[in-house]
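So in my numbering, spot 248 of the sequence shown is number 248, and the numbers just go up one at a time.
Note that beta-carbon positions come from the ideal geometry of N, C-alpha and C, so glycine has one too.
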Amino acid sequence: MKLLTLLFLSTLIFASDILTNYRINGINKIEKQMDLELSKQEYWSKFLKNKDTSFGYIEAYKNILTCNKENSTLNLYSIDKDKKFKFRKKYNAFTGEKDGDKETEGDKKTPIGIYNIVKKLSKETNLNEFYGPLAFVTSYPNIYDNYKGKGGHGIWVHGFPIKEERDEFTRGCIAINNQSIECLNKHIDIQKTLLIINSQELQKEVDKDTLSSILAQLYAWRYSWLYNDIQSYLNFYSNNFRRDDGMDFKSFKSYKTRVFKKIEKKSIIFKNINVIPYPHTKNTFEITFKEYYKSDTFSFTGDKTLIVNIDTDKKIKIITEK
C-alpha cells in the first residue's frame, strides 16, 4: 500500500512539474522534457515489465519463424490474445548441404541471421516446379550480411519438387514438404512475419534489463539528433562504422557535422520498434523501426535498421545502418 501511495504521489509531483514548466516556458520546453524522459532506462524498465520478450522487444511482427539448422526444424510462433508469442507448428526442414554460416555465392550453406519475407512465389508467378507449390523469398543478404561482406542471394523457404525426388539438403535454402509449405502459407501474413535462422536452438526470454537499456539509448540517440547535439550523437557510433552504402565513419562524421550546423527544428518519431539479439553473436542486436522525420528542408518516412554492438560498459555502438 505504501508503495502504491509513493508511486501515486511521484506521478502527481511529476505532472505538477510539467504543468509548471508549461505555464512558465510554453509547450516547446515540455516537449523537450518528455523527449528526455524517453531516454531514461527507468521508463523502459516499467514499460517492459509485463511484455513478452521471448525473442526480444517486438512491435511490428505477429509471427516468428525460427530455423534450427542443427535439428533441421522450422518452428512457427504466433501472437495470442494475451500478446505473447506461443508455439504453433513444427515443420521438418532441409537446409544447406554444408555446415556453418553462409559466406559466398554457391557455398551451399544456409545463412545465420534475421530476415524478412519480401515476396511469395507460386505457379501463378511461374514458380519452377522444383520448388514445390510455394516459395517465400527472404531478405538475404541483410545489412549485417553486407557489413560482413557475405555473398550470395536467393535464399528462400520453399517446398519439394512436384514431379521428382530431391536430396535431403539444399544449396542454402530452407525446404519443407509441400503439405507443410501450404499449411505455413495459411498461418502467416508475410508482411508481419520474421525469420530467425540459427545453427542451434534460439535462447528464449531475452533479458529485460538489456532491452530497456538499449531502448533508452535508442531514444538518447534520437534526443541528440533532435536537439542538434552532434558530439553526443556521434558517440553512439563505432569507429568501425560503415553505412550500408559504404560510407565510413570519417566521411559520415563530416557529413553529419555539416547537417547539424543547420540548427533546424525537427520532428522525429519512431514506430513499430523491434530490438532482437542477433543469432550466433554475444552482444550484437538488430534494431528496426519505421521512421517519420521532418525538418524545415527535408522529410522522410521509411524503414530504418541499426546494427549495434554492446560494449563492456553496456553502451550501444552502431556499426552499420540503413
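Cα separation between residue i and residue j?
i    : j    : result
D107 : W156 : 15 Å
N92  : T138 : 19 Å
L6   : K46  : Caution is warranted here: a pLDDT of 41 is assigned to L6, below 50, making its placement in the model unreliable, and the coordinate value is therefore given only provisionally. For L6 and K46, the distance between alpha carbons rounds to 15 Å.
K208 : K49  : 8 Å
N239 : E321 : 14 Å
I58  : T210 : 14 Å
H158 : K294 : 41 Å
W225 : E129 : 50 Å
A135 : W221 : 39 Å
T20  : L121 : 59 Å
K256 : N235 : 12 Å
N126 : P133 : 10 Å
D101 : P277 : 17 Å
L65  : T312 : 31 Å
F260 : N228 : 6 Å
F289 : Q191 : 14 Å
K186 : C173 : 21 Å
C67  : S199 : 8 Å
S89  : N177 : It is Lys, not Ser, that sits at residue 89 in the sequence shown. For K89 and N177, the distance between alpha carbons rounds to 14 Å.
D248 : R258 : 16 Å
R242 : K250 : 9 Å
Y43  : Q179 : 46 Å
D245 : S254 : 16 Å
G154 : P141 : 9 Å
Y223 : A175 : 44 Å
I327 : D145 : For the chain, the structure presents residues 1 to 322; residue 327 sits outside this window and is missing.
F298 : Y219 : 21 Å
K81  : I287 : 25 Å
Y237 : K123 : 46 Å
Where does residue i fall in DSSP's three states?
i    : result
H153 : coil
C320 : Here the sequence assigns Thr to residue 320, which means Cys is not the residue at that position. Strand.
R243 : coil
L202 : coil
A93  : coil
A216 : helix
E182 : helix
D57  : According to the sequence as given, residue 57 is Tyr; it is not Asp. It is a strand residue.
N128 : coil
N146 : helix
L226 : helix
D35  : helix
F289 : strand
Exposed or buried, residue i, counting other C-beta atoms within 10 Å across all chains shown (16 or more means buried)?
i    : result
E70  : exposed
Q231 : exposed
L9   : Caution applies to L9, whose pLDDT of 40 falls short of 50 and renders its modelled position unreliable; the value that the coordinates give is listed next. Exposed.
Q217 : buried
G149 : exposed
F300 : exposed
I319 : buried
F160 : buried
Using CA coordinates, which residue listed in the options is at the minimum distance from residue i?
i    : options                   : result
E201 : I30, R88, I112 and S212   : I112
N309 : G302, D303 and K317       : K317
N63  : Q41, K86, W44 and T73     : K86
I181 : F241, R171, I162 and S199 : I162
V118 : L195, D167 and R171       : L195
G151 : N185, Y115, I176 and T104 : T104
F270 : G302, D248 and I30        : G302
K314 : N146, T110, F285 and S78  : F285
Y131 : Q203, R171, K109 and K253 : R171
T193 : W44, I30 and I79          : I79
D296 : N28, I268, G154 and D244  : I268
F252 : Y140, K266, Y233 and K98  : Y233
Q203 : P279, D167 and F160       : P279
E97  : E37, E124, L38 and D167   : D167
K266 : N272, Y292 and E37        : Y292
Beta-carbon of residue i versus every beta-carbon of chain C: anything under 8 Å?
i    : result
E182 : This model lacks chain C altogether, as it is built from one protein chain only.
Would a C-beta distance cut-off of 8 Å place residue i and residue j closer than the cut-off?
i    : j    : result
D35  : K83  : no
S213 : Q33  : no
N283 : A60  : no
T305 : I188 : no
T281 : F169 : no
E165 : S54  : no
L76  : L184 : yes
Y147 : I307 : yes
T73  : I197 : no
I18  : I30  : yes
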